[in-house]
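See structure below.
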RNA sequence: GGCGCUAUCGUCUAGGGGACUAGGACGGGGCCCUCUCAAGGCCCAAACACGGGUUCGAAUCCCGUUAGCGCUACCA
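Numbering (my numbering), first residue to last: 554 to 1035.
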């Protein structure tokens, strides 16, 4: 078997949608699994809405996800001459014909048909024109489109995900393949390009199923075998409706902004409508490629569940070496306006917070607080603790500060700190938590963090002691004033 | 309306006639660990849309119903 050739063919009329990204991913996985070629073709024939900026956003999104291509990007707009030639060939062969009906006439026919309850079907009146009549109108420069002459016969194919799908020619009509300005309509352009590029497998969204019989007919008329079609299911919002802006983030770039790690996004997307069978979920790239097959693709539309995405992202972050998170975290910190000395090694800080984080944003926020505890804001749970402990909060903090001051910077390590705080609790007859929690709240504003001794190491001796003392003073002052 | 596609826990899914008391994951609830949380471990609740067939036997095959979605342009 010759190696497959597949393509991802986005229209640059907007951002890279998660549905498009998932289609691209499936094409890429299939190409890598089979040793085939992945081609990127930008379908920019909609001149009104296509922009170079959108093209760039789409390319960037794919690159961010680690989806590569072996050929292209090709731009469909550059092949207008071939599209037109292919269509003209069909006219010459008697498989297509010029239609002189105006838009107004067509609209009127359509309105009449719908009024009488029937579906509209072009009545082929222009196909009945004599050759000389057609020639005369063309000579006079009467505007015309080209319509494909669709035979009334069964048009069927074995879809790689749905099995056999069959349409009847009589349910379709003689669709337009060339506009009156001689530019090709989508179905014509796609088939012309897919033939020219030697595409063997068309993997695309199943909203294209109803285009497929038209394309199959075009392949046959052009004398080519249709490729294998694999129609992948749609992606829906949480309400079960087609994913759209109403649902919030739908662009790949939005997730990048939200601190989703690309490998996690890719893994999550792969599992939306595809399963390797069994229980595999978190998969490295190589495994995903090895396991990917078209018949693992689901027929049913899938709901995009951001909660599970975030869980998966958290799994990736926990396993990721701090080194690999360094750049995105630095970028996020500067976006947050946190000045970071370029010599400052952020890796220990990242390591101490990543297990408790679901996004890069979340990591950066916690790193920022550890770099400068005065950034911390007391959260509701912190408030609750302060209320509950009353005067003990400040008292225990003062006690803690003195104990901490007893340690030199050489002794400022996790083991020694734990030891120190434990013996403090013991000698004062306090529970360990009574000593630890106030320090945690003083340094982070929250009752949630890594173990307090590790937190102290990461924040550093000077900053920790200063912050604990300040918080103690404020608290003790506040209590006595009250 | 016509044509087409689809239908397993709230969500993502496993399942391809007996291995199903329907498995896993997210989310929810509980317990363990523990200075808190996260992670991790253990446990609980939670689904085969409905109705007919076929078969000794159906989540699995067939038909119908219902529901959802897609397309129905000189858009892609």
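No residue lacks a Cβ here, since even glycine has one placed at the ideal position from N, Cα and C.
I'd like to check one pair, residue 690 with residue 728: are the Cβ atoms closer than 7 angstroms? Position 175 of the first chain, counted from the first residue, corresponds to residue 728. Position 137 of the first chain, counted from the first residue, corresponds to residue 690. Not a contact, by the Cβ cut-off of 7 angstroms.
Nearest residue (CA-CA) to residue 706, options 713, 723, 664 and 738: Along the first chain, read from residue 1 onward, the residue named residue 706 stands at position 153. Nearest C-alpha to residue 706: 723.
Please return the same chain residues whose Cβ sits closer than 6 angstroms to the Cβ of residue 902, not counting the five positions on each side in sequence. Within the first chain, residue 902 is the residue found at index 349, counting from 1. Here the set comprises 920, 923 and 1011.
Kindly indicate the opening and closing residues of the alpha helix (DSSP H) around residue 607. Residue numbering aside, residue 607 sits at position 54 when the first chain is read from its first letter. Taken as a continuous stretch (DSSP letters only), the alpha helix (DSSP H) holding residue 607 covers 605-617.
Going by beta carbon distance, what residues of the same chain come within less than 7 angstroms of residue 871, once the five residues before and after it are set aside? In the first chain, counting from the first residue as 1, residue 871 sits at position 318. The residues are 907 and 908.
Residue 823 versus residue 899 - alpha carbon distance: Residue numbering aside, residue 823 sits at position 270 when the first chain is read from its first letter. Residue numbering aside, residue 899 sits at position 346 when the first chain is read from its first letter. Cα-Cα distance, rounded: 32 angstroms.
In angstroms with no decimal places, state the Cα-to-Cα distance between residue 1022 and residue 889. For the purposes of this step, residue 1022 is taken as residue 469 along the first chain, with counting starting at 1. For the purposes of this step, residue 889 is taken as residue 336 along the first chain, with counting starting at 1. Between residue 1022 and residue 889, the C-alpha separation is close to 27 angstroms.
Roughly how many angstroms separate the alpha carbons of residue 792 and residue 855, rounded to a whole number? Against the first chain, residue 792 aligns to sequence position 239. Against the first chain, residue 855 aligns to sequence position 302. If you take the alpha carbons of residue 792 and residue 855, they lie about 11 angstroms apart.
Does residue 721 pass the burial test, meaning 16 or more other C-beta atoms within 10 Å, or should it be called exposed? Here residue 721 is taken as the residue at index 168 of the first chain, counted from 1. Classification for residue 721: exposed.
What number of angstroms, rounded off, separates the C-alpha of residue 967 from the C-alpha of residue 858? Here the question's residue 967 lines up with position 414 in the first chain. Here the question's residue 858 lines up with position 305 in the first chain. Cα-Cα distance, rounded: 39 angstroms.
Check residue 594 in the structure and name its three-state DSSP category. Counting from 1 along the first chain, the entry for residue 594 is found at position 41. Of the three classes helix, strand and coil, the one that applies to residue 594 here is strand, per DSSP.
Spell out a yes or no on whether the segment 710-719 and the segment 729-747 are touching, meaning 3 or more CB-CB pairs, one atom from each, closer than 8 angstroms. no
With the cut-off set at 7 angstroms, would you say residue 914 and residue 812 are in Cβ contact? Taking the first residue of the first chain as 1, we reach residue 914 at position 361. Taking the first residue of the first chain as 1, we reach residue 812 at position 259. It is a contact, given that the beta carbons lie within the stated cut-off.
Are the Cβ atoms of residue 586 and residue 782 separated by less than 7 angstroms? For the purposes of this step, residue 586 is taken as the residue at position 33 of the first chain. For the purposes of this step, residue 782 is taken as the residue at position 229 of the first chain. Contact flag unset, no.
Using a Cβ-Cβ cutoff of less than 6 angstroms, which residues in the same chain neighbour residue 696 once the five nearest sequence positions on both sides are dropped? Within the first chain, numbered from 1, the residue matching residue 696 stands at position 143. The residues are 733.
Pick helix, strand or coil for residue 624, following the three-state DSSP scheme. Residue 624 sits at position 71 when you count from the first residue of the first chain. In the displayed model, residue 624 falls within a strand according to three-state DSSP.
Is residue 674 closer than 7 angstroms to residue 726 when the C-beta atoms are compared? Indexing the first chain from 1 puts residue 726 at position 173. Indexing the first chain from 1 puts residue 674 at position 121. Pairing residue 726 with residue 674 gives a Cβ-Cβ distance under 7 angstroms.
When you compare only the Cα positions, how much space is there between residue 1036 and residue 986? A question about residue 1036 goes unanswered here, because the residues of the chain that appear run from 554 up to 1035.
Given that a residue counts as buried once 16 or more other Cβ atoms are within 10 Å of its Cβ, and exposed if not, what is residue 1001? Translated into positions along the first chain, residue 1001 becomes position 448. Looking at its Cβ environment, which holds fewer than 16 other Cβ atoms inside 10 Å, residue 1001 is exposed.
Rounded to whole angstroms, what's the CA-CA distance from residue 861 to residue 817? Just pull it up for me. Taking the first residue of the first chain as position 1, residue 861 is located at position 308. Taking the first residue of the first chain as position 1, residue 817 is located at position 264. Their Cα atoms are separated by approximately 11 angstroms.
Which residues in the same chain have their Cβ closer than 7 angstroms to the Cβ of residue 566, if we skip the five residues on either side of it in sequence? Here the question's residue 566 lines up with position 13 in the first chain. Here residue 566 has 599, 602, 603 and 607 as same chain residues with Cβ atoms under 7 angstroms from its own Cβ, once five neighbours each way along the sequence are excluded.
Quick check on residue 984: buried or exposed, where buried means 16 or more other Cβ atoms within 10 Å of its Cβ? Here residue 984 corresponds to residue number 431 of the first chain, with the count starting at 1. Result: exposed.
What did DSSP end up calling residue 831 once you bin it into helix, strand or coil? As a first step, residue 831 must be located in the first chain, where it is residue number 278. DSSP places residue 831 in coil when its eight states are reduced to three.
Contact the segment 760-772 vs the segment 575-583: 3+ CB pairs below 8 angstroms: Remark: fewer than three beta-carbon pairs, one from each stretch, lie closer than 8 angstroms, so the segment 760-772 and the segment 575-583 are not flagged as touching.
Which of helix, strand or coil DSSP assigns to residue 560: Within the first chain, the letter at position 7 stands for residue 560. Residue state, collapsed to three classes: strand.
I believe residue 999 touches residue 932 by the beta-carbon criterion, under 8 angstroms. Please report the beta-carbon distance rounded to the nearest angstrom. Within the first chain, numbered from 1, the residue matching residue 999 stands at position 446. Within the first chain, numbered from 1, the residue matching residue 932 stands at position 379. That pair is a contact at about 5 angstroms.
Cβ shell of residue 869 (< 7 angstroms), same chain only, five flanking positions each side left out: The residue labelled residue 869 in the question sits at position 316 within the first chain. Correct list, in chain order: 814, 816 and 817.
Can you look up residue 951 in the DSSP assignment and give me helix, strand or coil? Locating residue 951 in the first chain gives position 398, counting from the first residue. Three-state result, residue 951: helix.
Locate the alpha helix (DSSP H) running through residue 649, then write down its first and last residues. Numbered from 1 along the first chain, position 96 holds the residue referred to as residue 649. Per DSSP, residue 649 belongs to no alpha helix (DSSP H); it is in the beta strand (DSSP E), 649-652.
Evaluate residue 840 with the Cβ neighbour count: other Cβ atoms within 10 Å of its Cβ, from every protein chain shown; 16 or more gives buried, anything less gives exposed. As a first step, residue 840 must be located in the first chain, where it is residue number 287. Label assigned to residue 840: exposed.
Quick check: residue 584 and residue 610, are their CB atoms within less than 7 angstroms of each other? Within the first chain, residue 584 is the residue found at index 31, counting from 1. Within the first chain, residue 610 is the residue found at index 57, counting from 1. Contact flag unset, no.
Count the other CB atoms within 10 Å of the CB of residue 749; is the residue buried (16 or more) or exposed (fewer)? Residue 749 sits at position 196 when you count from the first residue of the first chain. Residue 749 sits exposed, since fewer than 16 C-beta atoms from the chains shown fall within 10 Å of its C-beta.
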